[in-house]
Amino acid sequence: GAVVSQHPSRVICKSGTSVKIECRSLDFQATTMFWYRQFPKQSLMLMATSNEGSKATYEQGVEKDKFLINHASLTLSTLTVTSAHPEDSSFYICSASYKGVGEQYFGPGTRLTVT
Amino acid sequence: GNSVTQMEGPVTLSEEAFLTINCTYTATGYPSLFWYVQYPGEGLQLLLKATKADDKGSNKGFEATYRKETTSFHLEKGSVQVSDSAVYFCALKNAGNMLTFGGGTRLMVKP
C-alpha cells in the first residue's frame with residue numbers, strides 16, 4: 681500500500697517551454713503533497729507543500745509564478761515548470777501523506793532536462 | 006531551526022564489511038527520525054524510522070537507535086552487500102509534517 685507514482689519519469693524540453701509533472705497517490709487519498717528538488721549529488725530541498733483544494737505554500741526562494749502547483753484532487757498534484765531554462769534541469773520528487781498518519785510516501789522522481 | 010548532519014561520502018566498503026553512517030540532528034522538542042535510501046535514478050524509499058528516544062528502527066539488516074542524549078541516529082549494518090550501494094539520507098520530522106533531510110551519504114560496496 682501507499683504507492684505514489686510520477687509521470688513522466690524523464691522529460692526533455694526546450695528552453696522557454698513549459699512542462700507539467702504529475703504526482704498521483706494510487707491507493708490512498710493524499711491530503712497533503714510535497715514537491716522536492718534534488719540537484720546532482722545533493723540532498724532534497726523542499727519546494728512547496730500543497731493541501732487538496734487550497735493554494736500551495738512555497739518555501740523561501742522558490743518562485744511561485746515559475747513553479748505552478750495544483751492539488752485539485754485527493755489523488756493528484758501537478759507541478760508545472762513555466763518558461764523552463766537550463767538551470768531548472770533537476771530531479772523533481774513528490775511525496776504524499778494522508779491525515780492521521782503523517783508519514784510521507786515518495787514518488788520515483790522525474791528527471792527534467794532543459795536544453 | 007531543525008537541521009540534520011550526515012557524514013560526507015562516498016563510503017566505500019568491501020562486501021560483508023560493517024557499515025556505520027553517522028547522523029546527528031538539531032531540533033526542538035521530540036522529533037521522529039528516519040533513514041531513507043535512494044537507488045540510482047529512483048526516488049526515496051523509507052528504510053527505517055524511530056519515533057522516540059531509545060527506539061531502535063530496523064529493516065533489511067540495517068538498524069539505527071534514537072539517542073536523545075547525543076542527538077544521534079547512526080545507521081549500521083553488520084554485513085553489507087553490493088546491492089546496498091545507494092545514497093542514504095537521514096531525516097527528521099518535527100511538529101507538522103515537514104521533513105528535514107541531511108546531505109546524503111553515498112555508499113559503494115565492492116565485490
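Chains as they are written, first to last, in the working numbering: chain X, 681 to 795; chain A, 6 to 116.
Just so you know, even glycine gets a beta-carbon here, dropped at the ideal spot from N, CA and C.
Given the structure is predicted, the values throughout are model-derived calculations rather than measurements.
| N-terminal and C-terminal residue of the beta strand (DSSP E) that Val742/X is part of | Within the first sequence, numbered from 1, the residue matching residue 742/X stands at position 62. Per DSSP, Val742/X belongs to no beta strand (DSSP E) and is neither H nor E.
| field | Beta-carbon proximity list for Thr76/A, same chain, < 6 Å, skipping 5 on both sides | value | Locating residue 76/A in the second sequence gives position 71, counting from the first residue. For Thr76/A, where only same-chain residues beyond five positions count, the Cβ hits under 6 Å are Thr29, Tyr30.
| task | List the residues of chain X that Leu104/A touches, going by C-beta distances under 7 Å, in chain order. | result | Taking the second sequence and counting its residues from 1, one reaches residue 104/A at position 99. Ordered by position in chain X, the residues that pass the 7 Å Cβ test against Leu104/A are Gln784.
| At a Cβ cut of 9 Å, what residues of the region 720-736 of chain X count as close to chain A, listed as they run along the chain? | Lys721, Gln722, Ser723, Leu724, Met725, Leu726, Thr729
| request: Spell out whether any CB of chain X is found under 9 Å from the CB atom of Gly6/A. | output: Walking along the second sequence from the start, residue 6/A turns up at place 1. For Gly6/A, the answer is no, since every Cβ of chain X falls outside 9 Å of its Cβ.
| message | Rounding to the nearest angstrom, what Cα-Cα distance links Asp707/X and Ala682/X in this structure? | response | On the first sequence, residue 707/X is found 27 positions in, with the first residue counted as 1. On the first sequence, residue 682/X is found 2 positions in, with the first residue counted as 1. Rounded to the nearest angstrom, the two C-alpha atoms are 6 Å apart.
| request: Taking all protein chains shown into account, decide if Phe771/X is buried (16 or more other Cβ within 10 angstroms of its Cβ) or exposed. | output: Taking the first sequence and counting its residues from 1, the one referred to as residue 771/X is at position 91. Phe771/X comes out buried.
| said: Is it buried or exposed, Gln86/A, if we count other Cβ atoms within 10 angstroms and call 16 or more buried? | reply: Translated into the one-based positions of the second sequence, residue 86/A becomes position 81. Its Cβ having fewer than 16 others within 10 Å, Gln86/A is exposed.
| query | DSSP three-state call for Val761/X: helix, strand or coil? | reply | In the first sequence, residue 761/X corresponds to position 81, counting from 1. Looking at Val761/X - three-state DSSP - the assignment turns out to be strand.
| task | Determine the direct distance from the alpha carbon of Met113/A to that of Thr712/X, and round the result to whole angstroms. | result | Position 32 of the first sequence, counted from the first residue, corresponds to residue 712/X. Position 108 of the second sequence, counted from the first residue, corresponds to residue 113/A. About 34 Å.
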